[in-house]
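Trainee: Letter by letter, the sequence shown follows residues 1 to 196 of the numbering used here. The C-beta atom is built at its ideal place from N, Cα and C for all residues, glycine as well. Since this is a predicted model, take the numbers as computed values, not measurements.
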Amino acid sequence: MTASITENRGEGVREKGEGEKPSSILLSTTAEDHRIARMAAVALGLTILENAIPSPLPGVKPGLANIVTLIVLARYGWRAAAWVTLLRVVAGSLLFGNFLAPGFFLSLSGAVLSLFVLAFAQHLPPRWFGPVSHSIYAAFAHITGQMAVVYLWLIPHSGIAYLIPIFAAAALLFGTVNGLIAARFMDNSKPRPSKG
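#1: Nearest by alpha-carbon distance to I71: which of P58, S135, Y162 is it?
#2: Classify R38 as buried or exposed, calling it buried when 16 or more other Cβ atoms lie within 10 Å of its own Cβ.
#3: Assuming A183 contacts V132 (C-beta within less than 8 Å), just tell me the rounded distance between them.
#4: G204: buried (16+ other C-beta within 10 angstroms of its C-beta) or exposed?
#5: Compare the beta carbon distance of V149 and L115 with 8 Å and say whether it is the shorter of the two.
#6: Using only the alpha-carbon positions, how far apart do S28 and H34 sit?
#7: For S109, decide whether its Cβ has a neighbour in chain D, counting only Cβ atoms nearer than 8 Å.
#8: Name the residue from W78, L163, V84, P126 whose alpha carbon lies nearest to the alpha carbon of T144.
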């Protein structure tokens, strides 16, 4: 995302000189910036919805915002998906009041590891690998990143290994469901051939 700061003093827009106080700041944005902001807003909305759903076990969430990440990855590439994901994590933590709290670092670690996995997964042959497999890989990477932070920082006890089967089952279930939803959205957005 790129932006440049300019100043508006009534006589038009000009670059802000050193030592001058701006009367207003205008950011020049691109179409890609707007697209990323829109998709991040949709992902943030799904995060808010997800937080309203009661969870049977702390840390087990459906990861609805990952649907948006998968769609952005398929349509606009990894860089855009990374921006959407990181903006969603930071904005969500600010919205829920846990910025720089343990929950923020858990979410960030899962998101970053998922993005690294998706960076490699997008280069797999599309004939055999698609949104569902990418979603499953990302879900497992997400939970791996979170478990690593829990073990290395919050609860350095081998007992957390007993939770791995539960989290792995949740990752497989929600990764599959989210991948199917993302694939459905991608299929519906493709132009249909005209009849006749």
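Mentor: With the structure as the only source:
#1: When only C-alpha atoms are compared, the closest one is S135.
#2: Exposed: under 16 other Cβ atoms inside 10 Å.
#3: That belief holds up - the Cβ atoms of A183 and V132 are roughly 6 Å apart, short of 8 Å.
#4: For residue 204 there is no data in the structure shown, the boundaries of the chain being 1 and 196.
#5: The answer is no: Cβ separation not under 8 Å.
#6: Looking at the two C-alpha atoms, the distance is approximately 11 Å.
#7: Of the protein chains in this structure there is only one, and it is not chain D.
#8: That would be L163, whose Cα lies nearest to the Cα of T144.
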